[in-house]
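Engineer:
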Amino acid sequence: MPRNLHNAAELFLRVGMVDAAQNVKRNVADLLDIYSNDPDGKSNFHVGRGVVCWACGHCGIPKGGANQKGNNIKDDLDKITPGPCNKCGETEQVNWLKVTQPVDATNTKKEELPWIETPPLSEEEMKKKKEAQLLAKRNKVEEQVKRALEERERKNL
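And the structure:
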């Protein structure tokens, strides 16, 4: 069993599961971004206990969300089965994650932190996001065409 998620990503790469390693990297980077922005508790985040899926590499709150048993840091994880994976639905190859940070300068004591993630977008929000991205792309292309036409016209004068 890998000691940390960096070792898990290395393991995925060794066995040729590149997508799983990329999932671990992306999910951990998202978590660290949220913590680096000092979450205020008022923003729209899902908070709970994370799991890692050994089938797809997804790290995050399991299906069922923060209300599921095991999402309370005080729960005894030896008695609670983790999962299922929120990405692929795997139930067997899933383990609990423990996010920690040092409490003192000696790194001997560690404080456990919850897993925090942004909730997935609804279908309507996804549609709006894609439309906004498409509009931004269209505007960029139109601007480039406009500049190219202006440049061509300057050369012809």
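Note that the numbering used here numbers the sequence shown so that position 125 is 125, with each residue one more than the last. Virtual Cβ for every residue (Gly too), placed ideally from N, Cα, C.
(1) Kindly provide the ranges of any beta strand (DSSP E) runs that are 3 or more residues long and lie completely inside the segment 8-73, ordered along the chain.
(2) Specify the secondary structure class of residue 110 as computed by DSSP and reduced to three states.
(3) Which word fits residue 97, buried or exposed, when buried means at least 16 other C-beta atoms lie within 10 angstroms of its C-beta?
(4) Report the start-end ranges of each beta strand (DSSP E) in the segment 76-134 that is 3 residues or longer and not cut off at the edges.
(5) Residue 47: which of 19, 114, 121 sits nearest, CA to CA?
(6) DSSP three-state label for residue 3, please.
(7) Return the Cβ separation of residue 45 and residue 117 in integer angstroms, given the expectation that the two are a contact with Cβ distance under 8 Å.
Structural biologist: From the atom records:
(1) Complete beta strand (DSSP E) runs here, min 3: 46-48, 51-53.
(2) Counting from one through the sequence shown, the residue named residue 110 turns up at place 110. Here residue 110 sits in strand by DSSP.
(3) Reading the sequence shown from its first residue, position 97 is the one you call residue 97. Residue 97 comes out buried.
(4) Segments of the beta strand (DSSP E) lying fully in the segment 76-134: 94-96, 99-102, 110-113, 115-117.
(5) Counted from its first residue, the sequence shown places residue 47 at position 47. Ranking 19, 114, 121 by Cα distance to residue 47 puts 114 first.
(6) Along the sequence shown, read from residue 1 onward, the residue named residue 3 stands at position 3. Of the three classes helix, strand and coil, the one that applies to residue 3 here is coil, per DSSP.
(7) Residue mapping note: residue 45 aligns to position 45 of the sequence shown, counting from 1. Residue mapping note: residue 117 aligns to position 117 of the sequence shown, counting from 1. Here residue 45 really is in contact with residue 117; their C-beta atoms are around 7 Å apart, less than 8 Å.
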